[in-house]
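Take a look at the structure below.
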Amino acid sequence: MNLLDLFDGFTMRALADLIAAALLLGGLLFMFIGSIGVVRLPDGFHRVHAVSVCATLGLTGMLLGACFHIGSIVLISKAAMTIVFLFVAAPAGSHLLAKAAHDANLPQWGKTLSDELAEDKAAFGIDEWIGTPMQSRSQPAAGAEESPDSPGPKKKNNAA
Amino acid sequence: MRLLFKTCVLLTVAFLIASTPAPALASGAASVDAASPSPHAPSVAQVETTSTPAEAVAAKILFVVVDTGVVMLVLSFALCLMRVWRGPTLIDRGIATDTISLHVVGLAILLTISLRTLLYFDAVLIFAILGFATTVAFAQFIGRRRAV
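Protein chains in written order, with my numbering: chain A, 1 to 160; chain B, 161 to 308.
Structure, rendered in C-alpha cells:
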C-alpha cells in the first residue's frame, strides 16, 4: 500500500523506519544531555533533575522508536508497560534520593535561593521524627516538639 | 579499600562496554541487506524478501542512527562513570549508578532494534525495575546512615 506518492515504493514500512529513526535520535539526544547534566551540574540536588531527563524523555523516545520499527503487539504492550513504570518510578526514585540527601545534610550549592524543608525541620522538630520507624511515628510526633532532646525516638539510626 | 572498590567498578563496566555493543554493531552491519535474514532473527517474522529502494534507504538511515546511538550511549556511560569515580559524596555515586542503569536499558533497546528480535526486550523492563529497586535501596541506606 502506497501511503504517499513521493516516489514509487515509499511504503508504510519506510515511513515507519524514518519515524523510528527520528524518535530514536531524539531519545539518544536526551540521554546524552542527561548524562552531561549528571557530570556538569554543581550539586546533588541539581543532578537528580538530570536523571529524570534520562528516565522520562530519553527512554520514552527510544521505546517509541522500537515500537515504530518492530510493530508487533507484544513489543508495543511491553513498551507501554515500561513507559508507564518509568513515569511512575523515576520521580519516586529521584524524590527518595533527594530526601535522603537532605536528611543526611548534603552540602548545598552556594547560590541556592531557599531551603524550605530545612526551615520546616527547624520549626517543627521534624528532624527527630525522620529516622524513627513507621509504627512508632504516631505518638512521638507530638512529643518531639516539646522535648527535642528526649532520648526516646532516636535510638536506632544513631547506632547504625 | 576504596581503590579496590573503584577498580572493581571499572573492570565491571569495561566488561559491559566490551560485551554489550559488539553484537549490535556486528549484526547491524549484517542486517542492512534485508534479503538475507541473519540467524539470530527468526522470532519476529518480518524479514521481507522484496524491498523497495525507499525501504532500503530508510533501513540504512535507521541503522546508521542505531550505530551512532551505541557510540553515543557508551560515551554518556563513560561520563556517568566519571561522576561515579570522582563524585564527592555517596549521593552523587548513587545518582550516577541510577543513570548507568538507564543507559543499560537504552543499550538493550538498541539491541532489540538492531537484531529485530523480541528476545532481548524482556531485559528492558527487568533492567528498569532493577534500577528503581537499586535506587530505593540506596536511598534507604543513606537515610539510615544519616551521613553522606
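Think of the CB as a built atom: it goes at the ideal place given N, C-alpha and C, for glycine as much as any other residue.
Of all the CB atoms in chain A, is at least one closer than 7 Å to the CB of L271 (chain B)?
No, because no Cβ of chain A sits closer than 7 Å to the Cβ of L271 (chain B).
Check whether the Cβ atoms of A101 (chain A) and I251 (chain B) sit closer than 7 Å, and answer yes or no.
In this structure, I251 (chain B) lies closer than 7 Å to A101 (chain A) by Cβ.
Is it the case that the Cβ atoms of S35 (chain A) and S274 (chain B) are separated by a distance below 7 Å?
Result no, Cβ atoms of S35 (chain A) and S274 (chain B) do not sit closer than 7 Å.
Three-state secondary structure assigned by DSSP to T295 (chain B):
In the structure shown, T295 (chain B) sits in a helix (DSSP, three-state: H, G or I).
Beta-carbon within less than 7 Å of D17 (chain A)'s beta-carbon, same chain only, minus the 5 sequence neighbours each way: which residues are those?
H69
Taking the alpha-carbon of A21 (chain A) as reference, which of B:I286, B:F281, B:V217 and B:A256 has the nearest alpha-carbon?
B:V217
Measuring CB to CB, does T272 (chain B) end up less than 7 Å from A66 (chain A)?
yes
On the three-state DSSP scale, how would you describe T11 (chain A)?
It is a strand residue.
Cβ of V244 (chain B) within 7 Å of any chain A Cβ
no
Sub-7 Å separation of V48 (chain A) and F30 (chain A) beta-carbons:
no
Indicate whether L28 (chain A) and F281 (chain B) have their beta-carbon atoms separated by less than 7 Å.
No Cβ-Cβ contact shorter than 7 Å links L28 (chain A) with F281 (chain B).
Going along the chain, which residues of its own chain have a beta-carbon closer than 7 Å to the beta-carbon of L63 (chain A), five neighbours each way excluded?
So the qualifying residues of the chain are A79, T82 and I83.
With 7 Å set as the bound, which would you pick, yes or no: does the beta-carbon of V234 (chain B) sit closer than that to a beta-carbon of chain A?
no
Residues within the stretch 258–285 of chain B neighbouring chain A, beta-carbon criterion of under 8 Å:
Those would be D258, T259, L262, H263, V265, G266, I269, L270, T272, I273, R276, L278, F281, D282, V284 and L285, in chain order.
Is there contact here, the stretch 90–104 of chain A with the stretch 283–298 of chain B, by at least three beta-carbon pairs under 8 Å?
yes
Which term fits T11 (chain A), buried or exposed, when burial requires 16 or more other beta carbons within 10 angstroms of its beta carbon?
buried
Assuming T56 (chain A) and F32 (chain A) make a contact with CB atoms under 8 Å, what is their CB distance in whole Å?
15 Å between Cβ atoms; not a contact.
Is the shortest distance between the beta-carbon of S77 (chain A) and the beta-carbons of chain B less than 7 Å?
No, its Cβ sits nowhere closer than 7 Å to a Cβ of chain B.
Neighbour list for I239 (chain B) in chain A, Cβ cutoff strictly below 8 Å:
Rather than Ile, the amino acid found at residue 239 (chain B) in this sequence is Leu. The contacting residues are S35, I36, V38 and V39.
So what's D193 (chain B) in DSSP terms, helix, strand or just coil?
With a pLDDT of only 46 at D193 (chain B), under the threshold of 50, the placement of this residue in the model should not be trusted, and no figure is reported.
A104 (chain A) and R306 (chain B): beta carbons closer than 7 Å?
yes
Taking all protein chains shown into account, do 16 or more other C-beta atoms lie within 10 angstroms of the C-beta of S211 (chain B), making it buried, or fewer, making it exposed?
Counting Cβ neighbours within 10 Å, S211 (chain B) comes out buried, since at least 16 surround it.
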